[in-house]
Every structure is written in C-alpha cells, then in structure tokens.
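Let me begin by presenting the structure, written as structure tokens, before commenting on it.
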Amino acid sequence: MIKKHTAAIAAFISLASFTTINASAADNSTALSHSSGYYDNSQLVTVVNYDDETDIYFTTDGSKPGTDSALYDGTPISVSENTVVRIAAYSGEDLINTAKASIKIRTASPSASAEGGEYSDAVKVKLTCSDPDAIIYYTTDGSTPTKDSAKYKKAITISDSTTLKFATIAPDKSRSKVITEKYVIKQTDFDDPMCQALFELVNETRAEYGLSPLKAHTALTEAALVRAKEYSYYQSHYRPDGSRWDTILSAYGLKTNIRAENLAYYYTSAKQAMKCWMNDPYHRGNILNPDTEYIGLACYNNGWCNYWCQLFIG
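For the sequence shown, counting from 1, position 201 maps to 229 in the working numbering; every step adds exactly one.
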C-alpha cells in the first residue's frame with residue numbers, strides 16, 4: 029500500500045514538472061517586437077514567436093488585456109503617439125504569457141534658420157518645425173527647455189553671445205530632442221580689420237596696466253585716416269601745410285584739452301605697429317594715458333606700405 033502511494037506521488041511530481049516546463053517555454057516564446065523607450069517616428073508593433081494554437085489579445089490604452097479585448101490577427105499595430113501596448117497570450121482558456129511596451133513617440137525636431145557660430149553683428153533666428161501641431165519652447169540661458177519655458181512666437185534677436193536651446197512638444201507626444209545652437213557675437217568697432225585688431229590690442233594692453241578701455245570715436249577715426257594719408261607723403265607730426273597735427277581735430281569739431289598722436293609706417297600687422305609704439309616711452313605714454321577716453325585709428329596703404337595713425341582725446 030505504501031509503495032502504491034509513493035508511486036502516485038512520484039507520478040504527480042513528474043507531471044507537475046512537465047507542465048511547468050511547457051508553461052515556461054510558452055512564456056518565453058511570445059513577445060512584442062518593440063521594447064519600452066523613445067522613438068523618433070511612428071512605429072509598427074508586432075507580436076513575435078507565437079503559433080496558431082495561441083490567441084493574442086491586446087490593448088493600446090494601457091489597460092490589462094483579456095479575452096474580451098481586441099484579437100491580434102497578425103496586422104502590425106500602428107503607433108503614432110505615446111502608447112502603452114499590452115498583450116495577453118492564451119492557449120484555450122489558459123493565460124500563458126503577458127507583455128507590455130511603453131512606446132513614446134518624440135515630436136519632430138525643430139530647426140533654426142541660422143546655425144550657431146561666430147557673427148560680427150546681431151543675428152535674427154527663426155525656429156520652425158515640420159509638425160504643425162507642435163509648440164516650440166526655448167531658453168537663452170543654457171538651461172533645458174520645458175513646458176514652463178518661453179514659447180516661440182517670432183524671430184529671436186541674438187545681440188550678445190548666447191546659448192540657444194529649443195525643443196518641440198506636440199499633443200500626445202513626447203518632447204523632441206533638444207537642439208543647441210551657440211552664437212558668439214563679436215561686434216566690431218572698425219570696418220577695417222587691421223584697425224579692429226589694433227583697437228583690441230590697445231585695450232588689452234591698457235587692461236594689463238589696470239586702465240579702463242578706450243572707446244572708438246567715429247569723427248576721430250575719420251580724422252586719423254586723413255592724417256595717415258598725409259603721413260604717407262609727409263612723415264611728420266606737422267601737417268603738409270606746416271600746421272600742427274592737432275589742427276585736424278578742430279576741422280572735425282573735436283575740442284579737447286587731452287590729445288595725442290601716434291604714427292608709424294611699413295608694419296604689416298597691428299601687432300608689429302603696437303610693439304613699435306610700446307617700445308618707445310613717448311608713444312607708450314599716449315597709449316597708457318589714464319585720462320584718455322576715446323581713440324581714432326587708421327591704416328592707409330599707398331601701394332607701397334602701410335601708414336598707421338592713432339589719435340587720442342580725453
């Protein structure tokens with residue numbers, strides 16, 4: 029009698045083990061083609077690894093699927109917005125497997141009309157997106173844009189060096205990838221790049237000595253160009269008519285007690301001209317005068333060499 033009970037128990041254990049193995053195999057076979065995550069465009073989700081004896085029921089609203097849910101017939105499930113796809117696999121009335129994937133569709137990425145880079149003047153940037161339902165959010169302080177950030181409505185004027193970050197959000201979709209454009213605005217005070225380079229060198233040198241920067245002065249620059257041209261054929265701090273150099277200031281309506289002129293010729297770069305002046309006590313004193321406020325600059329080439337002029341007033 030004991031042997032019969034022992035044999036029956038062994039048979040039950042063996043059958044249970046066989047059933048568990050088959051169920052486990054079924055559990056591992058049926059799955060979704062997609063895993064949870066972000067996708068850049070619409071997706072077609074399918075059920076993989078199932079046979080004709082398995083019925084697959086699914087939902088796309090996040091609810092738990094059952095035998096009263098939609099029956100999967102092999103047609104891919106189209107996902108064009110944020111969707112939670114859930115499936116339940118049945119063998120007869122027995123539930124043998126479930127799977128779920130949270131498919132998040134990103135909104136189409138926006139673009140900027142002007143790429144990041146270095147600009148010599150303010151730049152207007154227009155933001156656009158191919159999705160007409162998308163709202164563009166942006167920041168100019170380097171932070172990541174959210175729904176609480178500024179909404180794009182019109183062209184953004186970038187007048188100072190700025191890190192522009194922007195992204196889009198459309199209804200029932202996830203935020204797009206964040207686009208970053210860095211704009212460096214280097215406004216110039218002089219049209220002539222040689223003069224601009226010299227201007228920057230002057231103020232860099234003054235800063236090294238703890239002095240305030242000089243300001244560019246339009247009329248003074250026009251006067252400096254006249255003096256550079258005169259210097260090209262009359263090398264003197266006097267003018268060709270024999271008058272002092274500073275009479276040019278009166279001609280341009282510049283009345284000031286503090287005035288100075290630096291002249292040089294031949295040098296092919298602003299750095300060379302600046303080195304020449306800084307090596308001479310008189311010219312260096314003009315550049316480093318703490319009472320000077322404005323500067324005018326010119327570099328004139330007569331076809332043979334450059335003629336440089338710095339005019340200072342305070």
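Ideal Cβ positions, reconstructed from N, Cα and C, are used throughout, including at glycine.
Distance from the CA of L253 to the CA of D161, rounded to the nearest whole angstrom, comes to 57 Å.
The DSSP assignment places complete alpha helix (DSSP H) segments of no fewer than 4 residues inside the segment 237-318 at 246-259, 275-279, 298-306 and 309-315, in order along the chain.
Looking at the DSSP output, F194 shares a beta bridge with Y166 and I207. For E146, the enclosing beta strand (DSSP E) starts and ends at G145 to Y147. Of the residues assessed, E146 falls on the exposed side of the cut-off, its CB having fewer than 16 other CB atoms within 10 angstroms.
By the Cβ neighbour-count rule, G238 is exposed, with fewer than 16 other Cβ atoms within 10 Å of its own. Take S204, set aside five residues on each side of it, and the residues of its chain with a beta-carbon closer than 7 Å to its own are R134, T135, A136, S137, P138, A195 and T196, in chain order. In the DSSP assignment, G324 falls within the unbroken beta strand (DSSP E) covering Y322 to N329.
If you look at A117, you'll find it in the beta strand (DSSP E) that goes T111 to S119.
Distance from the CA of A235 to the CA of P241, rounded to the nearest whole angstrom, comes to 7 Å.
In chain order, L325 and C327 place their CB closer than 6 Å to the CB of C223, counting only its own chain and leaving out the 5 sequence neighbours on each side.
Here D96 is not bridged, per DSSP, to any residue.
Secondary structure at Q224: helix, using DSSP grouped into helix, strand and coil.
Per DSSP, the beta bridge partners of K152 are T185. Spanning the alpha carbons of Y262 and D269 requires a straight line of approximately 10 Å. Taking all protein chains shown into account, Q215 has fewer than 16 neighbouring C-beta atoms within 10 Å of its C-beta and is therefore exposed.
Annotated three-state conformation of T172 is coil, per DSSP. If the five residues before and after D217 are omitted, its C-beta is found closer than 7 Å to the C-beta atoms of Q224, F227 and A244, all from its own chain and listed in chain order. CA-CA distance, A127 to T208, rounds to 37 Å. Taking every protein chain shown into account, the CB of N77 has fewer than 16 other CB atoms within 10 angstroms, so this residue is exposed.
By alpha-carbon distance to D80, the top candidate from L99, Y259 and W336 is L99.
CA-CA distance, A142 to G331, rounds to 39 Å. Ranked by Cα distance from A292, the options I323, R255, T185 and S106 are led by R255.
Distance check between D169 and each of V153, D149, L192 and A150 places L192 closest, using alpha-carbon atoms only. Inter-residue distance for I124 and K181 is about 53 Å (C-alpha atoms, whole angstroms).
Only residues of its own chain outside the window of five on either side were considered, and among them T135, D159, D161 and A162 have a CB closer than 6 Å to the CB of A198, listed in chain order.
Scanning V151, T167, S171 and T172 for the CA closest to the CA of D188 turns up V151. Rounded to the nearest whole angstrom, the C-alpha separation of K257 and T172 is 54 Å.
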